[in-house]
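The block underneath contains the structure these notes are about, expressed in structure tokens.
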Amino acid sequence: MSKGNESMDEHEELVDGGWIAERMGIARPSVARIMARLGVPRYEFGPKCVRYPKSRVEAAIAACLHDTGRRNNR
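Residue numbering for the sequence shown follows full-length UniProt numbering, beginning at 1 and increasing consecutively.
Here's what the structure looks like:
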């Protein structure tokens, strides 16, 4: 089920690429590449059914915003 060695918490809320694209304001085809670069695990339930843990997505977005803000304040 999982791509990688991470185990999934059965109570973890999962989100799809459409949700992430809307949340980040990006094109949906970019989601998989960006999530991989940010180190967010993905769970594959079928060839076209990929989900990401919402808490990890939100943490990755927050970290990016924090880094961007720090760079802009230099």
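Backbone N, C-alpha and C fix where the C-beta goes; we use that ideal spot for every residue, glycine too. Remember, predicted model here, so these are calculated numbers, not experimental data.
{"Check": "May I ask you to report which of helix, strand or coil DSSP gives Lys54?", "Outcome": "helix"}
{"Check": "By how many angstroms is the C-alpha of Phe45 removed from the C-alpha of Val31?", "Outcome": "17 Å"}
{"Check": "So for Leu38, helix, strand or coil by DSSP?", "Outcome": "coil"}
{"Check": "Nearest-angstrom Cα distance between Glu13 and His66?", "Outcome": "24 Å"}
{"Check": "So, are the CB atoms of Arg28 and Pro41 less than 8 Å apart?", "Outcome": "no"}
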